[in-house]
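Asks: Position one of the sequence shown corresponds to residue 0 (numbering that gives the first Met the number 0), numbered consecutively onward.
Beta carbons: idealized from backbone N, C-alpha and C, even for Gly.
Treat the numbers as computed from the prediction; the structure is a model and nothing was measured.
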Amino acid sequence: MNKVSRARPVAKPSNSALANRLTEAARFDPNCICERPHTKVVCSVCHFATFGRALRPCKAHPNVYFLMDFSYCPKCKQSCRYLKEVPEDGNRF
Numbered sequence: 000m001n002k003v004s005r006a007r008p009v010a011k012p013s014n015s016a017l018a019n020r021l022t023e024a025a026r027f028d029p030n031c032i033c034e035r036p037h038t039k040v041v042c043s044v045c046h047f048a049t050f051g052r053a054l055r056p057c058k059a060h061p062n063v064y065f066l067m068d069f070s071y072c073p074k075c076k077q078s079c080r081y082l083k084e085v086p087e088d089g090n091r092f
């Protein structure tokens with residue numbers, strides 16, 4: 000009889016472990032924009048405004064994407080190049 004050896008599944012890092020590694024990497028790389036704060040995002044086409052971040056590629060981590068970064072305007076569906084991050088004035092809206 001042949002014994003079949005089964006490889007153990009590799010444990011995936013938890014979301015918090017991944018976030019900790021990313022935060023630590025951001026501290027050492029001046030080009031990292033992954034941990035930038037949420038701001039007011041305004042579409043320059045339809046002037047829709049919301050709170051969050053526009054999708055921007057990070058030079059230090061080009062394959063990292065955040066779920067809540069807007070890749071297009073939720074109202075008019077224009078691409079993220081038309082979304083502008085505006086500094087907040089203290090009020091959310």
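Whose C-beta lies closer than 8 Å to the C-beta of Cys57 among residues of the same chain, with five residues either side of it excluded?
Replies: For Cys57, where only same-chain residues beyond five positions count, the Cβ hits under 8 Å are Asn30, Cys31, Ile32, Cys33, Val63.
Asks: Note down the Cα distance separating Ala48 from Lys39, rounded to an integer number of angstroms.
Replies: 7 Å
Asks: Would a C-beta distance cut-off of 8 Å place Arg80 and Asp68 closer than the cut-off?
Replies: no
Asks: Can you give me the C-alpha to C-alpha distance between Tyr71 and Ser78, rounded to a whole angstrom?
Replies: 4 Å
Asks: Could I get the ranges of all uninterrupted beta strand (DSSP E) runs contained in the region 21-50, with 3 residues as the minimum, in chain order?
Replies: 38-42
Asks: Between the C-alpha atoms of Pro8 and Val85, what's the straight-line distance to the nearest angstrom?
Replies: Confidence is the limiting factor: at Pro8 the pLDDT is only 49, short of 50, which leaves the residue's position unreliable and the question unanswerable from this model.
Asks: Taking DSSP as the reference, what is the three-state secondary structure of Arg80?
Replies: helix
Asks: Going by alpha carbons, who is nearest to Lys74 out of His37, Pro36, Cys45?
Replies: Cys45
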